[in-house]
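Trainee: This is the structure I want to talk about, given as structure tokens.
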Amino acid sequence: MLLAAAPLGLAPEGSLLAAIVGSVGLALVLAGWSFPLRGRALLWLALVASVPLLEPWRAPALLAGALAGYAVFTVFLWGTLYYRLRTGAPWNNFLRFWRLVLTNSDPTSGNALEQVPKLVMALAAGALVAEEPTGGSLAQVAATALLVAALGALAWRAFARDRLPTYPRRSAPTVPGPALARRVYVIVVDGLNRERLWQADAPVMDRLAREGTEYLAVEPAYPARTVVCFS
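What the sequence shown shows, in numbering that gives the first Met the number 0, is residues 0 to 230, in sequence order.
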């Protein structure tokens, strides 16, 4: 993003190399922590708390250009042109896709509620280090990184406690008995929610059901809006 901003006149003042170092340094911390589902609220809290540390007002043109580029890529190039070429979606698909970008947390929809604050913080860190390459600026970026890591750990802990499945612990390995079934199917349907599954025209799955397959659990697999059928 910074390399593209330089020829457009949007790069921050100062050394471009320092800006890249500052942005990449914080981006590595941001990339190490996912903020799933409601945990994204903690990421936005980190963004608000980082404003006095990263001073994003130093590079308003850079941030505005980056957000505009993100919107154009996700909504128009990805959500409209790609889907038109890949699935035959109408040219006005962007009228629907922008809502997916703002609400859904899977990568195929852009995940704006997670990517936008991360993008803003990373670029703001780069602008700060470029304009003031001092130990104080590096300390401010480091403080932001510690804040992100702390809130990221809280978000992941809450997600693991409330969302991830738990399995019973076995005190000792058991001797396997006779097989309960000759086959076990795991069917992954990409881009389909649970309610639509039973309405879909799915000849293979319908044939398996007629032959005796039972779909005992149908659950979404995070982070994608993918339905996993365990039978």
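Here a beta-carbon is modelled for each residue, glycine too, at the ideal position from N, C-alpha and C.
Between which two residues does the alpha helix (DSSP H) containing residue 34 stretch?
Mentor: In the sequence shown, the residue the question calls residue 34 occupies position 35. From DSSP, residue 34 is part of no alpha helix (DSSP H); its letter is neither H nor E.
Trainee: Could you name the residues of the same chain whose beta carbon sits closer than 8 Å to that of residue 123, not counting the 5 residues immediately before and after it, in chain order?
Mentor: Start at 1 with the first residue of the sequence shown, and residue 123 comes out as number 124. So the qualifying residues of the chain are 49, 53, 54, 55, 57, 58, 62.
Trainee: Can you list, in chain order, the residues of its chain whose CB lies under 8 Å from that of residue 92, leaving out five sequence neighbours each side?
Mentor: Indexing the sequence shown from 1 puts residue 92 at position 93. Here the set comprises 78, 79, 82, 83.
Trainee: Smallest Cα separation from residue 148: which of 15, 13, 42, 37?
Mentor: Here residue 148 is taken as the residue at index 149 of the sequence shown, counted from 1. Comparing Cα positions, the closest option is 42.
Trainee: Is the beta carbon of residue 158 closer than 8 Å to that of residue 31?
Mentor: As a working mapping, residue 31 is identified with position 32 in the sequence shown. As a working mapping, residue 158 is identified with position 159 in the sequence shown. No, the Cβ-Cβ distance between residue 31 and residue 158 is not below 8 Å.
Trainee: Put residue 0 into one of helix, strand or coil per three-state DSSP.
Mentor: As a first step, residue 0 must be located in the sequence shown, where it is residue number 1. It is coil, neither helix nor strand.
Trainee: Who are the Cβ neighbours of residue 128 in its own chain at under 6 Å, not counting the five residues just before and after it?
Mentor: Taking the first residue of the sequence shown as 1, we reach residue 128 at position 129. Closer than 6 Å at Cβ, skipping near neighbours: 17, 21, 136.
Trainee: Could you pull out every residue in the same chain whose Cβ sits closer than 7 Å to the Cβ of residue 126, ignoring the five residues on either side in sequence?
Mentor: Taking the first residue of the sequence shown as 1, we reach residue 126 at position 127. Counting only Cβ-Cβ distances below 7 Å, and skipping sequence neighbours, we find 11, 18, 57, 58, 61.
Trainee: In the structure shown, what three-state DSSP assignment does residue 166 receive?
Mentor: If you number the sequence shown from 1, residue 166 lands on position 167. Three-state result, residue 166: coil.
Trainee: What distance in whole Å lies between the Cβ atoms of residue 0 and residue 70, which are believed to be in contact at a cut-off of 8 Å?
Mentor: Within the sequence shown, residue 70 is the residue found at index 71, counting from 1. Within the sequence shown, residue 0 is the residue found at index 1, counting from 1. So it is not a contact: roughly 14 Å between Cβ atoms.
Trainee: Would you identify the three-state DSSP class for residue 116, choosing helix, strand or coil?
Mentor: Your numbering for residue 116 matches position 117 in the sequence shown. Reduced to three states, the DSSP call for residue 116 is helix.
Trainee: With respect to the alpha helix (DSSP H) encompassing residue 62, which residues constitute its N-terminal and C-terminal limits?
Mentor: Within the sequence shown, residue 62 is the residue found at index 63, counting from 1. 59 to 70 is the span of the alpha helix (DSSP H), which, as asked, contains residue 62.
Trainee: Terminal residues of the continuous alpha helix (DSSP H) containing residue 51?
Mentor: Locating residue 51 in the sequence shown gives position 52, where the first residue counts as 1. Unbroken alpha helix (DSSP H) run through residue 51: 39 to 53.
Trainee: Any idea if residue 226 is buried or exposed, counting beta-carbon neighbours within 10 angstroms, 16 or more meaning buried?
Mentor: For the purposes of this step, residue 226 is identified with residue 227 of the sequence shown, where counting begins at 1. Legend: pLDDT at residue 226 = 41, less than 50; position of this residue unreliable, value from coordinates given subsequently. Residue 226 comes out buried.
Trainee: Closest to residue 152 by C-alpha separation, out of 200, 23, 184, 33, would be which residue?
Mentor: Here residue 152 corresponds to residue number 153 of the sequence shown, with the count starting at 1. Checked all of 200, 23, 184, 33; the closest Cα to residue 152 is 33.
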